[in-house]
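S.K.: In this note's numbering, the protein residues as written are 8 to 273.
Built from N, CA and C at the ideal position, the CB exists for glycine as well.
(1) Have a look at residue 272 and residue 169 and give me their C-alpha separation to the nearest angstrom.
(2) Determine, using beta carbons only, whether residue 71 and residue 54 come nearer to each other than 8 Å.
(3) Determine whether the beta carbon atoms of residue 86 and residue 134 lie at a separation below 8 Å.
(4) Considering Cα atoms alone, identify which of 200, 189, 49 is closest to residue 176.
(5) Excluding the 5 residues flanking residue 193 on each side, which residues of the same chain have their C-beta closer than 6 Å to its C-beta?
(6) So, residue 225 versus residue 191, is the Cβ gap smaller than 8 Å?
(7) Since residue 181 is in the alpha helix (DSSP H), which residue starts that stretch and which ends it?
(8) Quick check on residue 25: does DSSP put it in helix, strand or coil?
(9) For residue 231, does the three-state DSSP call read helix, strand or coil?
(10) Hey, out of 76, 75, 51, whose CA is closest to residue 64's CA?
(11) Nearest to residue 302 by CA position, among 60, 89, 42, is which residue?
(12) I need the straight-line Cα distance from residue 125 to residue 188, nearest angstrom please.
(13) Nearest-angstrom Cα distance between residue 195 and residue 231?
(14) For residue 91, which residues from the same chain have a beta carbon less than 7 Å from its beta carbon, with the 5 sequence-adjacent residues on both sides left out?
(15) Starting from the C-beta of residue 82, find all residues in its chain whose C-beta is less than 7 Å away, skip the five residues before and the five after it, and write them out in chain order.
(16) Quick one: using the 10 Å Cβ neighbour count with 16 as the cut-off for buried, is residue 34 buried or exposed?
(17) For residue 47, which residues from the same chain have a beta carbon less than 7 Å from its beta carbon, with the 5 sequence-adjacent residues on both sides left out?
(18) Tell me the residue span of the alpha helix (DSSP H) that contains residue 130.
(19) Please return the same chain residues whose Cβ sits closer than 6 Å to the Cβ of residue 141, not counting the five positions on each side in sequence.
(20) Give me the residue from 153, 88, 60 with the minimum Cα distance to residue 129.
(21) Please list the terminal residues of the continuous alpha helix (DSSP H) segment that includes residue 59.
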């Protein structure tokens, strides 16, 4: 069962009640596929700098997997159109909802009620799981092969480049974890809750809130893992320590100043 409440001018438009859910799913599919492309093109850019037979085979394999994922994406988007055949409920459904969930008041004036074993629901859930598996495979393989290429080139790099590479690798791992937690986690939870008829008191809006702040989390990851942000944070913390009469810590900022002075003296 899916219930929703429309506000503004849209509440006067008599459209199919499954349309908002389908539109939301399409937006989520677009976000997920853009994240997959981010990891894929990053691997292509790194592997193009080190042309070898092994890297060429990796690129061809992942390119085929990406094409397969795009095909599954189109099939998933088409499968969700079957929800338009789900019939809307009558006002008599409210007493049944009260008896089942013990709700004091039903907020949503309109409902979509469907058997979870009906073919539109089963088809949409199956295609969604297949799409998640394909996208997860591309993201994990692209991340793993990127790390392999970076680690294989460590012997030919300078010490400074190795530090930059280590920082880039750590950011890549954290970014992948952010995408899994903020995108795939809520989607899998929503799909499982719909199929097994799990009820949430908040209406499940917390999952959409988490997905909407995926970009915010990624932005903070890039900000706080950047060297300039670390130096700025250490500089501000040392200023605060001196203001309260505390001893400044051995921060990255102070170390960088000493290094720059030593280089200028030399």
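M.R.: In brief:
(1) One-based indexing of the chain shown puts residue 272 at position 265. One-based indexing of the chain shown puts residue 169 at position 162. Interpretation of residue 272 is limited by its pLDDT of 36, a score under 50 that renders its predicted location unreliable; the figure taken from the coordinates is listed afterwards. Straight-line Cα distance between these residues: approximately 26 Å.
(2) Against the chain shown, residue 71 aligns to sequence position 64. Against the chain shown, residue 54 aligns to sequence position 47. Not in contact: residue 71 and residue 54 (Cβ atoms no closer than 8 Å).
(3) Sequence index remark: in the chain shown, residue 86 carries index 79 (1-based). Sequence index remark: in the chain shown, residue 134 carries index 127 (1-based). Yes, these two residues count as a Cβ contact at 8 Å.
(4) Here the question's residue 176 lines up with position 169 in the chain shown. Between residue 176 and the set 200, 189, 49, the nearest pair of CA atoms involves 49.
(5) Here residue 193 corresponds to residue number 186 of the chain shown, with the count starting at 1. Result list for residue 193: 214, 217, 218, in chain order.
(6) The residue you call residue 225 lines up with position 218 of the chain shown. The residue you call residue 191 lines up with position 184 of the chain shown. Contact: no.
(7) On the chain shown, position 174 is the one that residue 181 refers to. Unbroken alpha helix (DSSP H) run through residue 181: 166–186.
(8) Here residue 25 is taken as the residue at index 18 of the chain shown, counted from 1. Coil, per DSSP.
(9) Position 224 of the chain shown holds residue 231. Annotated three-state conformation of residue 231 is helix, per DSSP.
(10) What you label residue 64 is simply residue 57 of the chain shown in a count that begins at 1. Ranking the options by Cα distance to residue 64, first place goes to 51.
(11) Look at the range of the chain in this structure, 8 to 273, and you will see that residue 302 is not part of it.
(12) Stepping through the chain shown from its first residue, residue 125 is reached at position 118. Stepping through the chain shown from its first residue, residue 188 is reached at position 181. Going by the C-alpha atoms only, they are around 30 Å apart.
(13) Taking the first residue of the chain shown as position 1, residue 195 is located at position 188. Taking the first residue of the chain shown as position 1, residue 231 is located at position 224. Going from the Cα of residue 195 to the Cα of residue 231 covers about 29 Å.
(14) Position 84 of the chain shown holds residue 91. Same-chain partners within the cutoff: 23, 25.
(15) By 1-based counting over the chain shown, the position of residue 82 is 75. Taken in chain order, the residues that qualify are 134.
(16) On the chain shown, position 27 is the one that residue 34 refers to. By the neighbour-count rule (16 or more Cβ atoms within 10 Å), residue 34 is not buried but exposed.
(17) Counting from 1 along the chain shown, the entry for residue 47 is found at position 40. Around residue 47: 69, 73, 145, 149.
(18) Locating residue 130 in the chain shown gives position 123, where the first residue counts as 1. 126–159 is the extent of the alpha helix (DSSP H) around residue 130.
(19) Along the chain shown, read from residue 1 onward, the residue named residue 141 stands at position 134. Taken in chain order, the residues that qualify are 76, 79.
(20) To locate residue 129, count along the chain shown from 1; it is residue 122. Nearest of 153, 88, 60 to residue 129, Cα basis: 88.
(21) Along the chain shown, one-based indexing puts residue 59 at 52. Element bounds for residue 59: n/a, residue is neither H nor E.
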